[in-house]
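Chains A and B are the protein sequences, given in the same order.
Residues in the first sequence are numbered from 10 upward in steps of one, following our numbering.
Residues in the second sequence are numbered from 3 upward in steps of one, following our numbering.
These notes concern the structure reproduced below.
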Amino acid sequence: MKKQSAISIQCSVIKVVFFLLMFGGFAFGQQTAPIALKGGKLLTITHGTIENGVIVMENGRITAVGPASTAIPRNAKVVDATGMTIYPGLIDSETHLGLTEISADKMTNDLIELSDEIMPHMHVYEAFHAETELIPVTRINGITNAIVAPSNTDTLPGQDIFIQLDGTSARDMIVAKDVAMPLNFTGEQRRNDSFDKAKFPQTRMGMAAQLRQTFVDAQDYMKKWDDYNNNSAADKEKASAPKRDLKLEALVPYLKGERPVVLAADTPGDVDTAVSLAKEFNLKFVLNHVRHSQKVLDYIATLQVPVIVGPIYEQPKENERYDAVFSLPAELHRRGVKVLLASDDSHQARNLPYQAGYAVAFGLPYDEALKSITLYPAQVWGMEKQLGSLDVGKTANVVVANGDPLDVKTDVKHVFINGREIPLESRQTLLRDHYSK
Amino acid sequence: MHRFLSRCLCVLMLLCASSLLAQQSAPKSSDVLIKNATLLTATHGRIEHGSVYVKGGKIAAFGANVTAPADVPVVDAAGKFVTPGVIDSHSHIALDDDVNEATSPIVPHMMMKDAFNYTDKQIYLALAGGVTSALLLHGSADMIGGQAIVIKTKYGFSRDEMLFPNAPRSIKFASGENPKRVFGGKGQLPSTRMGNFAVQRQALLEAKQYMQDWDEYEAKVKKGDKDAKAPKRDLKLEALADVLRGKLMVQIHCYRADEFLTEIAMAHEFGYKIRAFHHALEAYKVADQIAKEGIAIDTFSDWWGYKYEAWDAIPWNAVMSMRKGIRVAIKSDSEDYMRRLNQEAAKTMRYGGATEDEAIKMITLNAAWIMGVDDKTGSIDVGKDADLVMWNSYPLSSAALADKVWIDGQLFFDRSLPGYGMPNYKEGN
């Protein structure tokens, strides 16, 4: 297998992220005083579990993580976390938060542009609704960061954002724009299959040909612009600039391998076609779903790319055992694949940790399950320096709960985003309190 | 030529049918002693180091000190948990695409039995999640939908073997957005909540007249009036008359607080009883009034936001309603969640602090009550059907899996077996 197919987030992405961190992202919600959580069980993710530990947050960063003897700044607000479990904020690798409010009401949905299959110039950040009621509901379950993607019924539906689930405006909450681009090849994009109103593309062959033509066009476009830009200043004045084409322009960073393509496929045939396309155009990619590819997991492992398996609640196919999809994370991990979990949901994104818990029941090691919603997403989405573990220097996105984070019964007691304590309040808690009077 | 073809087809269909019926061969003896388990009984709390003795398909004994004849096979359940079989009191599996007869808002004569595809693999998937019984309901497109069936998830058995013996009849009513959308979308009545209830009231009025006509006729016959003329039978009105006579349990799809109250008023007006409000996401707002009527709710643990009438849904609904005296069940209404209702029940412990017993009841005994089979299943009690699940760990958690599932004392699912994990099932034809 070619090495270049393996994902490694490029420097340019990190630069973009840093730029946002410095000048945009984290301006809001400054932590005012240091906070120390004392006496809890720390699930650090990167350096094991610390019983009766101390974690200190200052200016939005984690400044100390250690045993009970760890020094606590004198001016810190100390929170007694005895009996509690403390872990980094969870990261959901596919949501539609901020793109939907009431599923049945079209006017509250900005999930996908269905006028064409090829819509890479759709930018989620231009639709993201920061005031959505869904975000407070989600974050009080300990999910502090997420990918927001368009829904999946176009082959190229647009570009994702990476958000933090706190802020007063989209500017505060969007940590990185155009962080990745989904390329969907799961069969769900085939929508012109009736013979009556046949319209290209009608088949998987059609969709693949359409994608191939698009990437070929984008290569030509990229070359035209590169040639133009390589002109000397004098020549530039003589030459006229190529006409801008937003669709093709959107694909250039992916052709250059600057950002990952999220390649969604389900069956072995779809995986083959999608991976061939990605290789043909030298795209960096991670795989998504692979829900019915049990027969080619060894092959998938040879690709050496992370796989987002999520949700694991997809029904098995007619001839599969009941646990064929439930056990996918375990089966992939056994073959050395880095597994990420995602809700692929919005209203129910709050249940992400329970999916990880269920994957454990079907054989995924517990530590891996925890990493699948913390460290691994941080790595894949270019946030490893900021997120995904309890380490000094990282952003203080920290959750305190009264038990195992992956269990349905566990209650979240504190959520810190950027070191700022988030009120455990949502539209739903307000209704609860109002009707409990 | 045509005749020949159709005859071939007939033979072929017969062959298929017989091979399907032969898929699951009946086990010789269903007696078993399940030993050393933690029993979560639903009616007698938790019993540590407990045993259940199953004899002739029924629970013959249970508790900490149970003996059985020496020749009874023993299942050692040390470290495991045993609960009553999970019961899903709101499901549409095994009905293919025949859930809604949406051509009229009043279709009480639709029989879900006529749509029941007992070979649907969803039954197996539910079984593997610990489900042993389910209520298969008509959809919510209509104000008054069809009549439900109660099944046992004996996957591989024939249709009639899967029907719960002597289960009471239930009928599906609906209200709110779905009938509005379905008929309003076609430019028909109803397109509003006023329209919904007007259509329902009109149908019940006609049924009342129909019932009176038949009562009068039967009274005449009883008196020996030989000239008495029987009214024309009408299956639609006959079904509604059974609602008014209390022969059908009324299961109402209903979300909003105001609609519970309107449905209750309508039931009072016509003198029938409502068994349960299904979905019931705003029950917490009017829990006192629902409790007073003895109506159960059959709700989701934490679904919300999929439409306007689900916008005020809160995950505390189940427990807040229960604390006001409502009998609460958690159901799936989903082929996905049906496979892990134990987790959904566990959420009520977190949201509102249901006890272990209360959470277990929500997916066993209370669900059985909604279906009218709580005298036969839904708890570990002597004389009840031996519908049992052995879990590999604490069932009210993210991490529990059903190891073995018995229905009427027969082992239908065993996770340790290869293939589908069904001891008597062979891939048909």
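Ideal Cβ positions, reconstructed from N, Cα and C, are used throughout, including at glycine.
Predicted model, so just to flag it, every value in this text is computed and none were measured.
Start and end residues, beta strand (DSSP E) containing residue i
i        : result
Arg48/B  : 48-57
Phe194/A : 190-194
Trp390/A : Premise fails: Trp390/A is in no beta strand (DSSP E) and is neither H nor E.
Ser91/B  : 88-93
Met251/B : 251-256
Lys294/B : Counting along the chain, Lys294/B falls outside any beta strand (DSSP E), though it belongs to the alpha helix (DSSP H) covering 289-295.
Own chain, CB closer than 7 angstroms to residue i, minus 5 neighbours either side, in chain order
i        : result
Ser336/A : Phe371, Gly372
Thr438/A : none
Gly197/B : Leu191
Arg217/A : A small correction: the amino acid at residue 217/A is Ala; Arg does not occupy that position in the sequence shown. Excluding positions up to five away in sequence, the list reads Thr282, Leu286.
Ala66/B  : Ile49, His51, Gly52
Minimum C-alpha distance to residue i - residue among the options
i        : options                                : result
Ala130/B : Leu138/B, Met340/B, Gln253/B, Ala348/B : Met340/B
Gly47/B  : Pro75/B, Phe83/B, Asp73/B              : Phe83/B
Ala185/A : Glu135/A, Thr311/A, Pro43/A            : Glu135/A
Leu350/A : Glu267/A, Tyr322/A, Val88/A            : Tyr322/A
Asn61/A  : Ile54/A, Gly69/A, Glu67/A, Val74/A     : Val74/A
Leu46/A  : Gly319/A, Leu361/A, Arg429/A           : Arg429/A
Trp305/B : Lys294/B, Ala293/B, Ala282/B           : Ala282/B
Asp226/A : Thr147/A, Val188/A, Val261/A           : Val261/A
Asp101/A : Ser112/A, Lys293/A, Ala358/A           : Ala358/A
Ala259/A : Val133/A, Ser355/A, Ala217/A           : Val133/A
Val288/B : Phe262/B, Trp313/B, His270/B           : Phe262/B
Ile44/A  : Gly397/A, Gln395/A, Arg83/A            : Arg83/A
Ser398/A : Pro76/A, Pro320/A, His56/A             : His56/A
Ile125/B : Ala241/B, Asp98/B, Asp410/B            : Asp98/B
Asp420/A : Tyr353/B, Tyr396/B, Ala150/B, Leu367/B : Tyr353/B
Ala241/B : Gln149/B, Asn180/B, Gly307/B           : Gln149/B
Thr194/B : Leu35/B, Leu138/B, Pro107/B, Ala269/B  : Pro107/B
Ala310/A : Leu165/A, Val280/A, Gln324/A           : Val280/A
Phe290/A : Gln324/A, Asp235/A, Arg344/A, Leu192/A : Leu192/A
Residues sharing a beta bridge with residue i, DSSP
i        : result
Thr58/A  : Leu52/A
Ala404/B : Trp393/B
Thr45/B  : Partner(s): none; Thr45/B has no beta bridge.
Glu67/A  : Arg70/A
Lys238/B : For Lys238/B, which the question treats as bridged, DSSP gives no partner whatsoever.
Lys156/B : Lys156/B pairs with nothing; no bridge assigned.
Ala274/A : Phe194/A, His298/A
Pro233/B : For Pro233/B, which the question treats as bridged, DSSP gives no partner whatsoever.
Thr104/A : Val157/A, Asp354/A
Val88/A  : Leu46/A
Arg447/A : It is not possible to answer for residue 447/A, since the shown part of chain A is limited to 10 through 446.
His132/A : Gln168/A
Cutoff 8 angstroms; reference residue i; Cβ partners in own chain excluding five residues on either side
i        : result
Phe209/A : Asn201, Gly215, Gln219
Glu197/A : Asn161, Thr162
Gly59/B  : Ser32, Asp387, Ala388, Asp410, Gly411, Gln412
Pro29/B  : Residue placement at Pro29/B is flagged as unreliable, the pLDDT there being 45, under the threshold of 50; a coordinate-derived value is accordingly withheld.
Leu255/A : His130
Trp313/B : Trp306, Gly307
Cβ of residue i within 8 angstroms of any chain D Cβ
i        : result
Arg343/A : Of the chains in the structure shown, none is chain D; the protein chains are A and B.
Residue range of the unbroken alpha helix (DSSP H) whose run includes residue i
i        : result
Val184/B : 179-186
Gly215/A : 213-239
Ser323/B : 319-325
Leu361/A : 361-370
Thr311/A : 306-311
Own chain, CB closer than 6 angstroms to residue i, minus 5 neighbours either side, in chain order
i        : result
Ser27/B  : Legend: pLDDT at Ser27/B = 46, less than 50; position of this residue unreliable, no value from coordinates given.
Glu347/A : Per the sequence shown, residue 347/A should be read as Lys rather than Glu. Around Lys347/A: Pro315, Tyr385.
Ile266/B : Glu295
Asn102/B : Gly141, Ala143
Lys265/A : none
contact_flag[the region 164-183 of chain B, the region 147-156 of chain B] where n(CB pairs < 8 angstroms) is 3 or more: The region 164-183 of chain B is in contact with the region 147-156 of chain B.
Touch test, the region 85-104 of chain B against the region 134-152 of chain B, Cβ-Cβ under 8 angstroms, three pairs minimum: The region 85-104 of chain B makes contact with the region 134-152 of chain B, as at least three CB pairs between them are under 8 angstroms.
Contact the region 103-123 of chain B vs the region 390-404 of chain B: 3+ CB pairs below 8 angstroms: Counting Cβ pairs under 8 angstroms, fewer than three are found: no touch.
The region 323-336 of chain B touching the region 379-392 of chain A, judged by at least three CB pairs closer than 8 angstroms: The region 323-336 of chain B vs the region 379-392 of chain A: no contact.
Contact between the region 91-101 of chain A and the region 405-414 of chain A (3+ Cβ pairs under 8 angstroms): At 8 angstroms Cβ cutoff, the stretches touch.
The region 174-193 of chain A touching the region 140-152 of chain A, judged by at least three CB pairs closer than 8 angstroms: Between the region 174-193 of chain A and the region 140-152 of chain A, the count of C-beta pairs closer than 8 angstroms reaches three or more; the two stretches touch.
Segment contact, 8 angstroms Cβ cut-off, at least three pairs: the region 229-237 of chain A with the region 247-254 of chain A: Flag = yes, the region 229-237 of chain A and the region 247-254 of chain A touch.
Three CB pairs or more closer than 8 angstroms across the region 114-127 of chain A and the region 413-427 of chain A: Segments in contact, no.
Stretch-stretch touch, CB-based, cutoff 8 angstroms, three pairs: the region 68-78 of chain B with the region 34-53 of chain B: Verdict: yes, contact present.
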